[in-house]
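First to last, the sequence lines map onto chains A and B. So the first sequence is numbered by my numbering: it starts at 1 and just counts up by one. So the second sequence is numbered by my numbering: it starts at 1001 and just counts up by one. Report on the structure given below.
Number of protein chains: 2
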Amino acid sequence: MSHVLGHELRVTLLRLARRVRAERADDAMSDARLSVLFALFNEGAQTLGSLSEHERVTPPSMNRTINSLVESGIVTRVSDASDGRKVTIDLSPEGRRLVKETRRKRDAWFASRLASLNPDERAALDAAAPILRRLADQ
Amino acid sequence: MSHVLGHELRVTLLRLARRVRAERADDAMSDARLSVLFALFNEGAQTLGSLSEHERVTPPSMNRTINSLVESGIVTRVSDASDGRKVTIDLSPEGRRLVKETRRKRDAWFASRLASLNPDERAALDAAAPILRRLADQ
DNA sequence: TATTGTTATACTCTATAACTATA
DNA sequence: TATAGTTATAGAGTATAACAATA
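This is the structure in structure tokens:
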């Protein structure tokens, strides 16, 4: 792959990702909030400290985000029984529903784009997907 | 392409884009500011209204962002000679340098990832790049 | 004494409403 | 009167510093 094609591919990835991210379940749900919900959905209930590390924000910042999510009834905050300093954050049923709905909308948007491709083109993306995945995981 | 693979590809794109975006020329340059600089670099000098539409923020919001960029010497604000209501925003030499440096850093980061692939894998990405591009442009 | 979370405070980016200058 | 930009004000998300509770 040439430098030029590497650049093109990178720019394309950024643009495509921007479009996908615009597909939310609810416009009132910001990127920061939604990202927390996906972390809880994918990796399960966690302490506030764990979440702040995962999202790479400070504990006070995550605390404020969690406060607003708790007020909205989207996550729950429970004190740890064995260590009183810790709190466990988890999705409420409403939070879980919201994650699923957002995921469904994004998948549907992306699938509608893929539907315009011919079989050869889809095969090319099929082949590229695991390679891109490895790049992201590196 | 199956639904499952579509979902995987979409998630991978989001993760990869997040990693690329983290590569900035200068950590003091936020996403909002940098996005304005890239718009000016790619599409040339524009009015404030045009920029606010492009970035999908309100004019007052864009105005504030432009104020701070002008104060930092990164863009210039010039009144239109033929229509006194309009102002034209453009990159300063420093702004242009910053865009190029950011682009270089992101390309370098991405190239270092691509370097770990074998020729077949690079060929697969080569084939996928124009297809992804079409998806993004749709 | 170290760890976990929270509160206090401030800065940036966003918005809506109201205003100024120009066409 | 309509348009382009700006100012006033407020809310969300980020940070650092200081504090409280618990181990």
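In this text, a Cβ means the ideal position worked out from N, Cα and C, and glycines have one as well.
In the three-state DSSP reduction, B:Leu1117 falls in the coil class, being neither helix nor strand.
Assignment of alpha helix (DSSP H) within the segment 1008 to 1092 of chain B, counting only whole runs of 4 or more residues, yields 1031 to 1043, 1048 to 1054 and 1059 to 1071 in chain order. For chain B, the residues of the segment 16 to 40 of chain A that bring a beta carbon within less than 8 angstroms of one of its beta carbons are Leu16, Ala17, Arg18, Arg19, Val20 and Arg21, in chain order. The alpha-carbon separation between A:Val99 and A:Ser30 amounts to approximately 13 angstroms. With respect to the C-alpha of B:Arg1033, the residue from B:Leu1016, B:Pro1130, B:Ile1066 and B:Arg1097 having the closest C-alpha is B:Ile1066.
Taking 8 angstroms as the cut-off, the Cβ atoms of B:Pro1059 and B:Leu1048 count as close. Counting the other Cβ atoms within 10 Å of the Cβ of B:Ser1082 gives fewer than 16, which makes it exposed. B:Val1036 has its alpha-carbon roughly 15 angstroms from the corresponding atom of B:Val1087. Against chain B, a Cβ distance below 9 angstroms from A:Gly44 picks out nothing, because the smallest value is about 17 angstroms. Under the Cβ criterion of 8 angstroms, B:Thr1012 is counted among the residues facing chain A. Counting the other CB atoms within 10 Å of its CB gives B:Val1020 a total of 16 or more, which places it among the buried residues. Taking 8 angstroms as the cut-off, the beta carbon of B:Ala1017 is found no closer than this to the beta carbon of B:Lys1105. If you draw a straight line from the Cα of B:Arg1134 to the Cα of A:Arg15, it is about 11 angstroms long.
Spatial neighbours of A:Asp90 in its own chain (CB-CB distance under 6 angstroms, excluding positions within 5 residues in sequence) are listed in chain order as Ala45 and Thr76. When 9 angstroms is used as the limit between beta carbons, B:Ser1116 is near these residues of chain A: Arg134, Leu135 and Gln138, in chain order.
For the segment 1053 to 1067 of chain B, the beta-carbon criterion of a distance under 7 angstroms to any beta-carbon of chain A is satisfied by none of its residues. For chain A, the residues of the segment 1092 to 1107 of chain B that bring a beta carbon within less than 7 angstroms of one of its beta carbons are Arg1106 and Asp1107, in chain order.
Between A:Gly6 and B:Asp1107, the CB-CB gap stays under 8 angstroms. By the CB criterion at 8 angstroms, B:Ile1131 and A:Glu121 fall inside the cutoff. Taking a Cβ-Cβ cut-off of 8 angstroms, B:Leu1051 has no neighbours in chain A, whose nearest Cβ is about 17 angstroms from it. Per the coordinates, the alpha-carbon of B:Ile1074 lies some 18 angstroms from the alpha-carbon of B:Glu1055. Rounded to whole angstroms, the Cβ separation of A:Leu13 and B:Leu1013 is 6 angstroms, and the two are in contact under 8 angstroms.
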